[in-house]
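**Student:** The following block contains the structure, expressed as structure tokens.
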Amino acid sequence: MLILECPYCGVKAEETELAAGGEAHLKRFGPGSSDDDFHDYLFMRENPKGVHFERWRHANGCGKWFHAARCTMTLEVFGTYTAQTSEPTQEIKDKIAAKRPGWTWREFADGQK
Numbered sequence: 341m342l343i344l345e346c347p348y349c350g351v352k353a354e355e356t357e358l359a360a361g362g363e364a365h366l367k368r369f370g371p372g373s374s375d376d377d378f379h380d381y382l383f384m385r386e387n388p389k390g391v392h393f394e395r396w397r398h399a400n401g402c403g404k405w406f407h408a409a410r411c412t413m414t415l416e417v418f419g420t421y422t423a424q425t426s427e428p429t430q431e432i433k434d435k436i437a438a439k440r441p442g443w444t445w446r447e448f449a450d451g452q453k
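The numbering of the sequence shown is my numbering, which starts it at 341 and goes up by one.
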């Protein structure tokens, strides 16, 4: 069972109390963008084997959206942080780098569409 801590209310909730919102840190495209950019925004998502950044909503709690960093292979959670941030906290990046030598945030971010 996946358990995530809501960074707003501090409750540790099972995934059944949360609503998954897909990949976090997407570059959004709207009016005036090319068809290819808008297509990629709507349909192209990362599906990594390993570290992944996701959006979650505390549906049966405070109702707020937040981000979680976790490993898709082991369900290990590296941390959660508010949705109003453009990248994970340094503490979370350090936890990931300690468990995954060679991993860096920039490598992840540069691969985004």
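Each residue gets a CB set at the ideal place from its N, CA and C atoms; glycine is no exception.
Excluding five sequence neighbours on each side, which residues of the same chain lie with their C-beta closer than 8 angstroms to the C-beta of G390?
**Tutor:** Start at 1 with the first residue of the sequence shown, and residue 390 comes out as number 50. If we look at G390 and ignore the five residues flanking it on each side, its Cβ neighbours are C411, T412, M413 and R440.
**Student:** Between which two residues does the alpha helix (DSSP H) carrying F378 extend?
**Tutor:** What you label residue 378 is simply residue 38 of the sequence shown in a count that begins at 1. Its alpha helix (DSSP H) spans residues D375 to F383.
**Student:** DSSP state of E416, grouped into three classes?
**Tutor:** The sequence position of residue 416 within the sequence shown is 76, counting from 1. Coil.
**Student:** State the CB to CB distance for the pair E386 and H379, rounded to an integer number of angstroms; the pair is presumed to be in contact (CB under 8 angstroms).
**Tutor:** As a working mapping, residue 386 is identified with position 46 in the sequence shown. As a working mapping, residue 379 is identified with position 39 in the sequence shown. 16 angstroms between Cβ atoms; not a contact.
**Student:** Excluding the five sequence neighbours on either side, which residues of its own chain have a C-beta within less than 6 angstroms of the C-beta of K352, listed in chain order?
**Tutor:** Here residue 352 refers to the residue found at position 12 when the sequence shown is read from its first residue. I343 and E345.
**Student:** Within its chain, find whatever has a CB closer than 6 angstroms to the CB of S373; leave out the 5 residues flanking it on each side and keep chain order.
**Tutor:** For this step, residue 373 is matched to residue 33 along the sequence shown. Nothing listed; no residue qualifies.
**Student:** From the DSSP output, which residues share a beta bridge with I343?
**Tutor:** Here residue 343 refers to the residue found at position 3 when the sequence shown is read from its first residue. According to DSSP, which records beta bridges pairwise, I343 is partnered with E354.
**Student:** Any Cβ of chain C within less than 7 angstroms of the Cβ of W443?
**Tutor:** Here chain C cannot be found, since the structure has a single protein chain.
**Student:** Between the C-alpha atoms of E355 and L415, what's the straight-line distance to the nearest angstrom?
**Tutor:** The residue labelled residue 355 in the question sits at position 15 within the sequence shown. The residue labelled residue 415 in the question sits at position 75 within the sequence shown. Their Cα atoms are separated by approximately 11 angstroms.
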